[in-house]
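Residue numbers (my numbering): 169 to 616. Glycine is no exception: its CB is placed at the ideal position from the N, C-alpha and C atoms. None of the values given here were measured: they were computed from a predicted structure. Encoded as structure tokens, the structure appears first; notes follow it.
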């Protein structure tokens, strides 16, 4: 067996290599993970044949678990974006709340729109609406920007089918429907933190806001834009969530249902089938449906999903190499002695996130290291894996700063200077991550 000191140094060097090569030197993340995975395997004195065999196995198993989910989830998001369904939902909520509760409305819009759409895409799509509303409500740009950015970010880090949490769920072998329900519940405290901090930051830092050249001169004019009906826009989001949730609820007491009903619910409640049903409904939003138009939308989604799939799969391959080290046996005694529990997955993910910027890469990289340690951490039950996953989701929230693409989306499309974005948005991500982790710990304590 390899010595604990040797393995600890090997892990630290591998983490530093991933962070430095992908963040400081801007090398492609896929190839960074690929090279580091091989180097770790060979340095740990496994044969080249063993390393390549496990690398391929990890890559394939990861795609098998979540490949279709990522493609289908991305497709649903792209169609909702391009058919203006997201704008219809936002407009409907804002009409119902009015300007007085515009901050609440923007936060609610971000939470709902963020369920199927990546946070950066959602922010860009809604930024014109954000800017138009801020013109009507004086001294509110910072407040509205933080509210929208935070609510989108919360669900992005915690709720499938977003790629990071979905991939980690596959690697951790947890039930995705349960992850979705728990993730949505835990995203609420983070969203409330974003709203509360937005209100504070709006009052404290609004005086720093000044008009800058931006992308939003051509703001959204809802009076001239043709929008689908709100109910029609909501359905592609609500129905998949309802079907996945129904399956999870029914499986809590499966014996009271007939085999026919159970089989049907298991089928339509499978995340792959549920998302495909959502896509089918979303297609009816396309005005003057033509084959060429539909194919273009679906090809756009697949092109967007491709790079994400590649990084997720190579992250799974890296995890398979880490498994070869047998971390549980090597570090078992030390970890058990200090009773650190959920703190290690949270801190490790936060380190990855802060250092290299991507929440997706952070949670996948952490999962690869944490999964073999679960028995030692006392978290190798179905619930233990689930709560560990959510602790890593909380860790993937902090800290979002200048090395995170979403930071620049919020800064530029929210029309904030870099300094103001750091003071308002970045601090928000720290608070969101810490509060979400504390709630995760509380849920774990109550569950027993």
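TODO: Take every Cβ of the stretch 356-376, pair it with every Cβ of the stretch 594-605, and state whether three or more of those distances are shorter than 8 Å.
DONE: yes
Task: Through-space distance from residue 584 to residue 208, alpha-carbon basis - done: 42 Å
Task: the stretch 238-252 contacting the stretch 312-321, beta-carbon criterion three pairs below 8 Å - done: no
Task: Residue nearest to residue 365 in terms of C-alpha spacing, selected from 563, 434, 591, 407 - done: 591
TODO: Count the C-beta pairs between the stretch 216-233 and the stretch 258-272 that are closer than 8 Å, then say yes if the count reaches three, no if not.
DONE: no
Task: Cα-Cα separation between residue 384 and residue 295, rounded to whole angstroms - done: Confidence at residue 384 is low in this model, with a pLDDT of 46, below 50, so its placement is unreliable and the value that follows should be read with caution. Those two C-alpha atoms are separated by around 8 Å.
Open item on the list: Rounding to the nearest angstrom, what Cα-Cα distance links residue 477 and residue 588 in this structure?
Closed with: 34 Å
Open item on the list: On the DSSP letters alone, give me the boundaries of the alpha helix (DSSP H) that residue 249 sits inside.
Closed with: 216-250
Task: Outcome for residue 183 when other beta-carbon atoms lying within 10 angstroms are tallied against a minimum of 16 - done: buried
Open item on the list: As a quick exercise: from 533, 494, 271, 554, pick the residue whose alpha carbon is nearest that of residue 230.
Closed with: 533
TODO: Apply the 10 Å Cβ neighbour rule to residue 435 and answer buried if 16 or more other Cβ atoms are within range, or exposed otherwise.
DONE: exposed
TODO: Have a look at residue 382 and residue 581 and give me their C-alpha separation to the nearest angstrom.
DONE: A caution first: residue 382 carries a pLDDT of 48, below 50, which makes its placement in the model unreliable, though a value can still be read off. Distance between the alpha carbons of residue 382 and residue 581: 7 Å.
Task: Cβ-based neighbour list, residue 475, same chain, cut-off 6 Å, excluding 5 preceding and 5 following - done: none
Open item on the list: Counting C-beta neighbours from all protein chains within 10 Å, is the total for residue 604 16 or more, i.e. buried, or is it exposed?
Closed with: buried
TODO: Label residue 471 either buried or exposed according to how many other C-beta atoms from any shown protein chain fall within 10 Å of its C-beta, with 16 as the threshold for buried.
DONE: exposed
Open item on the list: With H, G and I counted as helix, E and B as strand and the rest as coil, what does DSSP make of residue 565?
Closed with: coil
Open item on the list: To the nearest angstrom, how far is the alpha carbon of residue 181 from that of residue 566?
Closed with: 22 Å
TODO: Please determine, among 575, 401, 509, the residue with the shortest C-alpha to C-alpha distance to residue 152.
DONE: Nothing about residue 152 can be read from this structure; the chain reaches only from 169 to 616.
- [ ] Spell out a yes or no on whether the stretch 185-201 and the stretch 520-537 are touching, meaning 3 or more CB-CB pairs, one atom from each, closer than 8 Å.
- [x] yes
Task: Candidates 327, 273, 302: closest to residue 439 by CA position - done: 327
Task: Touch test, the stretch 540-554 against the stretch 336-343, Cβ-Cβ under 8 Å, three pairs minimum - done: yes
Open item on the list: Do residue 405 and residue 283 have their beta-carbon atoms positioned less than 7 Å apart in this structure?
Closed with: yes
TODO: Ignore the nearest five residues each way along the sequence and tell me which others in residue 219's own chain have a CB closer than 7 Å to its CB.
DONE: 206, 209, 210, 489
TODO: Compute the Euclidean distance between the alpha carbons of residue 179 and residue 300, then round it to the nearest angstrom.
DONE: 49 Å
Task: Simplified DSSP assignment, three categories, for residue 285 - done: coil
- [ ] Please report the residue range of the alpha helix (DSSP H) in which residue 603 lies.
- [x] 595-615
TODO: Just list the beta strand (DSSP E) runs in the stretch 319-353, keeping only unbroken ones of 3 residues or longer that don't cross its boundaries, in chain order.
DONE: none
- [ ] Under the assumption that residue 272 contacts residue 374 (Cβ atoms under 8 Å), give the Cβ distance between them as a whole number of angstroms.
- [x] Actually they do not touch by this definition, with Cβ atoms about 18 Å apart.
Task: CA-to-CA distance, residue 247 to residue 276, given in whole angstroms - done: 21 Å
- [ ] Go through the stretch 415-440 residue by residue and report every complete run of the alpha helix (DSSP H) that reaches 4 residues or more, in order.
- [x] 427-436
TODO: Would you mind working out which of 319, 305, 270 sits nearest residue 290, comparing C-alpha positions?
DONE: 319
Open item on the list: Does residue 432 pass the burial test, meaning 16 or more other C-beta atoms within 10 Å, or should it be called exposed?
Closed with: exposed
TODO: Run the CB neighbour count on residue 627, radius 10 Å, all protein chains shown included, and call it buried at 16 or more, exposed below.
DONE: No statement about residue 627 is possible, as the shown extent of the chain runs from 169 to 616 and does not include it.
Task: 8 Å contact criterion, which residue 285 and residue 251 should meet: CB distance rounded - done: The pair is not a contact, with the Cβ atoms about 12 Å apart (cut-off 8 Å).
- [ ] Measure the alpha-carbon distance for residue 419 versus residue 465 and round it to whole angstroms.
- [x] 35 Å
Task: Residues of its chain near residue 612, where Cβ-Cβ distance is below 7 Å and the 5 sequence neighbours each way are ignored - done: 510, 555
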